[in-house]
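Numbering (this note's numbering), first residue to last: 466 to 1524. Cβ coordinates follow ideal geometry from the N, Cα and C atoms, glycine included. A quick write-up on the structure given underneath.
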């Protein structure tokens, strides 16, 4: 019986070690399916042995890892406890310059993260199997610092190897570093036991790494950078190059992202890092001795010759424009990387495999056979043990090598014993793998989504396709793929565009169809025309706040910035990628003239950018200004290329600006002021407002995290207010020179919250609802009250010491200090919504909300964020693309389902919000909130549901968990003189549970203004069915009658008449 992978549907014979019911083709598919499978996976009674775990996935002590995938093994006891220290453990051998395939399991920042290399998987399995032991017979154990112990992880309650960092004997706790996964936590001593005798002293499985060649711009990695990198690398199999081995065995690496770009280039391009200066002192004596040793060892092992130096790569198959053939896809990474084989060459490929098998079967393995990189040999594929032609990509270690199967397109890491020489006669056969890219499409988002890749695999894998060559791009054939066996015929590109995963791309067709005037020479190479036109980007001068990115700083009087909105950032990123492709494929000599646009190689970056020629220097040097960044440089004439007209369609992005409202203290800017201004501008995204426009550029007001950059310079006595700023009525609000420095104060959005349980369902306590994509829960755990009380005192001193008036409202989601109207004390809060002169805030340690004036909001210091907030930022699972404007009927449906008892389960964490599945428990039964909201949203978008309030829609403002929108925090005494009405009844209900102090959490009582729509049919007819309206009124009357014991008769009567 053929077993199929439960996740991808391909053939797979690996079985889940816990439930023994589901089959997978690889551990990667099992990990991806764990989110759904964990609800059904139940351990069987008979445990499996460690020998049966060679292909099983391991439970890992990290938050996103599956648990219980490996059965526990009972080890023999009776051995006396032993103490093992990290200094006595062996280390993994990693070679400098090696390329390894690894996955990042823990990332703290680009300067410190931990990876799992492929060679450590077997060790990890052995350790996990041996550690799952019952320690009931072991007495209480006091570990020592640096000791390697068995530690029970708090999330999955399994045992892992941990290194004791510190021991707090009075508190009976220890801080543990999980050496095989890279994360840390503080545990009680009853969860720390000596390492069992059955556990081998294997090397640490989590290898500590750091990014090579880059350093953070501000001296430390920003949280925005950490989140961006974490989303790109954590949990993914990536190729890493070991650049250097540092002290302590830390590997300095660079990571090749799935997009094909190096991570170091990404960090530099986005302003997170700068290239480290490279010295020119040459190799040291130690380096030379090391290189000589390696060369001598290679000469000894190979007998002084390289056996496969002559085994060069066979010639590829040649395809001309318009060629059409039938093929099967053998390797697929994305629509831009497709490898296929011609169906007509099936006999040639089969004969090639037979000859390889006969040759390699009678050729024994040789210890001195070490093929050189880029040479061709025979390699035994790990999955079927058959022999194929392979190209050597590089050595990951002394006995492991990366190879690419040139007739199929896939790669893998194999042992040297799996390599054989290749007969020269078999090198005469052309490479059968045809590298293709789908023509005419590009991703709808910046990168291809996983769901798009899943659909693409279902469209092209295991099918015979008609392939038509419509162009070429850097050695890759641009093709169309059509399935003729489907009814009707299916064009793969059209299906991707119809599904919303791709959009049309006119540039990705042929060289002559890209639009714009081009000329070609006799060889067909593109040569751009000389006469070109361009323009510069502009900033609106109408007083609106803009997002800007500062790219180059000379002084506060001259710096260059560009638009920071998503559209312009993506446009520049796409242009940069297109420039690299253009310049690498065109090496035509460029005749530079002053004032002419061109492509120039960015110094120290290795990428290409648009530039204008400024001057002609000596020694074939040309002075250029990079028009998208603002910096100037002298570059070699050989590093210039002619620019294509289509690359000038995007306006030049670098805009010259000066900081408004300040001037230097002594007539010129000091070095300290320049450094401080550069740190403020280059460390985070900025908001700006144009004050004036002059011939030399824009005079702008810069805001960093809600704080005026000019105010910071003045408050730190690095600048003084300009005379024009002091006289203007609309001047930038500056801090008085006597005010304390504002270093470390801001409105951050990367605040910490309480954690939600991941392994079980829990009762959800909703604090406030913005929309299904953003709502806040409040934790039932009140935390450390003593620390919170001390923090309140610090907040009072902190906010009292600030003399500035913060007239600029912080952005929604930012943390701040807010003065509660009830007791005039300062509390930690999160901004929900901002208006002209006030803001709606959620008190982060108590869960209630109110509107406060902007004068009652202050920046919060970083040290005041160390204690986690009790509120927790959440979103519904399954909302891949939230609508920009939520329909009011969908919002009311969502709010109504959160009225009663709600059970939640955590599905993941995206770096900002917990992704939850919600179930509403009603008298009619349980309702899955996620499904109901998505279904209502789909019906709204299809036009089947009418808005509850006509054409009004809700843009996502904060709404209380009770379903009614929060207005001013009104005292009960203020409502005493009003008419007895529905509003008074609601205010008196609030009076019964006073909320004048933030320490009183929001009441769970909810008014019955909105009737819960428990079914899609109810949601559909809620605005047109009189029965629903009548039921709503009856429910309202019934609820008001229940207040009879609390309210005065005249108030109830008046409220009933109001109905």
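Can you round the beta-carbon distance between residue i and residue j to whole angstroms, since I take them to be within the 8 Å contact cut?
i, j, result
"residue 1153", "residue 1167", "5 Å"
"residue 946", "residue 903", "7 Å"
"residue 925", "residue 957", "6 Å"
"residue 617", "residue 1376", "So it is not a contact: roughly 27 Å between Cβ atoms."
"residue 901", "residue 793", "Actually they are not in contact, since the Cβ atoms of residue 901 and residue 793 sit about 12 Å apart, beyond 8 Å."
"residue 1325", "residue 1244", "20 Å between Cβ atoms; not a contact."
"residue 680", "residue 741", "5 Å"
"residue 1094", "residue 1025", "7 Å"
"residue 864", "residue 814", "No, residue 864 and residue 814 are not in contact; Cβ-Cβ is about 30 Å, not under 8 Å."
"residue 1236", "residue 1351", "5 Å"
Have a look at the options and flag the residue whose alpha-carbon is nearest the alpha-carbon of residue i.
i, options, result
"residue 1129", "1022, 1225 and 1157", "1022"
"residue 643", "691, 578 and 1217", "578"
"residue 693", "664, 728, 671 and 1381", "728"
"residue 1151", "962, 1164, 1070 and 1173", "1173"
"residue 1534", "828, 814 and 897", "Since the first residue of the chain shown is 466 and the last is 1524, residue 1534 is not available in this structure."
"residue 1288", "1317, 737 and 906", "1317"
"residue 1330", "1360, 1302, 1219 and 689", "1219"
"residue 610", "817, 626 and 630", "630"
So what's residue i in DSSP terms, helix, strand or just coil?
i, result
"residue 674", "strand"
"residue 1265", "helix"
"residue 620", "coil"
"residue 581", "strand"
"residue 731", "helix"
"residue 873", "coil"
"residue 567", "strand"
"residue 892", "helix"
"residue 804", "strand"
"residue 854", "strand"
"residue 711", "coil"
"residue 590", "helix"
"residue 1134", "coil"
"residue 1335", "coil"
"residue 633", "strand"
"residue 911", "coil"
"residue 472", "coil"
"residue 1420", "Low confidence applies here, because residue 1420 scores a pLDDT of 39, under 50, leaving its location unreliable; read the following figure in that light. Coil, per DSSP."
"residue 1392", "strand"
"residue 680", "strand"
Might you give, ordered along the chain, the residues of its own chain that have their beta carbon closer than 6 Å to the beta carbon of residue i, omitting 5 neighbours on each side?
i, result
"residue 1001", "1116 and 1117"
"residue 1394", "1362, 1383 and 1385"
"residue 1373", "1380"
"residue 1370", "1226 and 1382"
"residue 1291", "1260, 1261, 1264, 1282 and 1284"
"residue 1044", "1064 and 1073"
"residue 1162", "1121 and 1122"
"residue 1366", "1386"
"residue 1403", "none"
"residue 1076", "1063, 1065, 1089 and 1091"
"residue 1170", "1211 and 1212"
"residue 1097", "1090"
"residue 649", "642"
"residue 484", "506 and 507"
Can you give me the Cβ contacts of residue i inside the same chain, cut-off strictly under 7 Å, excluding the 5 residues immediately before and after it?
i, result
"residue 423", "As shown, the chain starts at 466 and ends at 1524. That puts residue 423 outside it, with no answer to give."
"residue 637", "653 and 654"
"residue 867", "564, 858, 859, 861, 876 and 878"
"residue 656", "616 and 617"
"residue 1277", "1296, 1297, 1298 and 1299"
Which residues in the same chain have their Cβ closer than 8 Å to the Cβ of residue i, if we skip the five residues on either side of it in sequence?
i, result
"residue 710", "559, 561, 716 and 717"
Segment contact, 8 Å Cβ cut-off, at least three pairs: the segment 940-950 with the segment 831-846: They do not touch, by the three-pair rule.
Could you say if the segment 561-570 and the segment 702-710 meet the contact criterion of at least three C-beta pairs nearer than 8 Å? The segment 561-570 makes contact with the segment 702-710; the number of CB pairs closer than 8 Å reaches 3 or more.
Taking three-plus beta-carbon pairs below 8 Å as touching, is the segment 674-681 in contact with the segment 574-592? As far as the Cβ criterion goes, the segment 674-681 touches the segment 574-592, which means the pair count is three or higher.
Taking one C-beta from the segment 1046-1054 and one from the segment 1132-1148 each time, how about it: are there three or more such pairs within less than 8 Å? With the cut-off at 8 Å, the segment 1046-1054 and the segment 1132-1148 do not touch.
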